[in-house]
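Worksheet: the structure to be examined is printed underneath.
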Amino acid sequence: MSELWDLYDQERRKTGVVHKRGEPIPQGFYHLVVSVWVVNSQGEYLMSQRHPNKSYPQYWECTGGSVLIGESSIQAAVREVKEELGLTLDVDIAHLIYQKHRDDNQDFYDVWLFHSDTPATALTLQSDEVIDAQWLSKEAIYDLQRNRKLHPLIDYLDLI
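Next up, the structure:
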């Protein structure tokens with residue numbers, strides 16, 4: 003089944019135009035993308051490792067993806083984490099920590115922060131998306147970045 007997105011104008015207003023993933027986004031239109039950071043009581047962050055068949059193979063990242071047609075940013079954040087990691091998040095404790103309009107990607111990018119103490123061993127990884135998930139300290143995440151093993155679009159680590 004095709005993934006469909008709402009398209010937005012330069013001011014982040016829905017245009018009523020529906021877009022099919024994989025096709026070029028028309029000039030002047032944007033889609034909505036989310037990333038989700040999950041922190042535990044020890045101050046560690048839940049990171050996942052991308053499948054080898056995806057772009058940026060085996061890079062580490064926080065969970066994320068495109069917002070589907072009819073979804074809000076927060077709904078997409080919760081859905082993506084549930085799909086990729088099998089983790090149910092509580093929207094009542096979510097915080098929007100970063101937003102960016104990225105012309106190069108033709109998107110609006112929202113970054114959410116949630117809290118969970120679910121052990122990594124209790125996660126159910128989506129086999130075609132994720133090959134590993136671990137709780138990592140912020141320093142370990144910086145090490146991933148220095149060693150070029152962190153997804154390069156994560157360029158805002160000081161905000162988490």
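For the sequence shown, my numbering assigns the number 162 to the last residue and increments by one with no breaks. Idealized CB from N, CA, C, for every residue including glycine.
Quick check on Ile95: does DSSP put it in helix, strand or coil?
It is helical.
Answer with buried or exposed for Gly1, where buried requires no fewer than 16 other C-beta atoms within 10 angstroms of its C-beta.
Residue 1 lies beyond the range of the chain shown here (3 to 162); nothing can be said about it.
What three-state label does DSSP hand Asp145 in the structure shown?
Helix at Asp145.
Might you give, ordered along the chain, the residues of its own chain that have their beta carbon closer than 6 Å to the beta carbon of Ile99, omitting 5 neighbours on each side?
Shown here for Ile99: same chain residues with a beta carbon closer than 6 Å to its own, the five before and five after excluded, namely Val113, Leu115, Leu161 in chain order.
Tell whether a beta-carbon distance below 8 Å holds between Val40 and Leu48.
Going by C-beta atoms, Val40 is nearer than 8 Å to Leu48.
Residues bridged to Glu63 by DSSP?
Partner(s): Ser50.
Own chain partners of Thr126 with C-beta closer than 8 Å, once the 5 adjacent residues on each side are dropped:
Scanning its chain for C-beta atoms nearer than 8 Å, with the 5 sequence neighbours on each side dropped, one finds around Thr126 the residues Leu87, Gly88, in chain order.
Distance between His103 and Ile71 (C-alpha atoms, nearest Å):
Each residue's CA atom was taken as its position, placing Ile71 and His103 some 19 Å apart.
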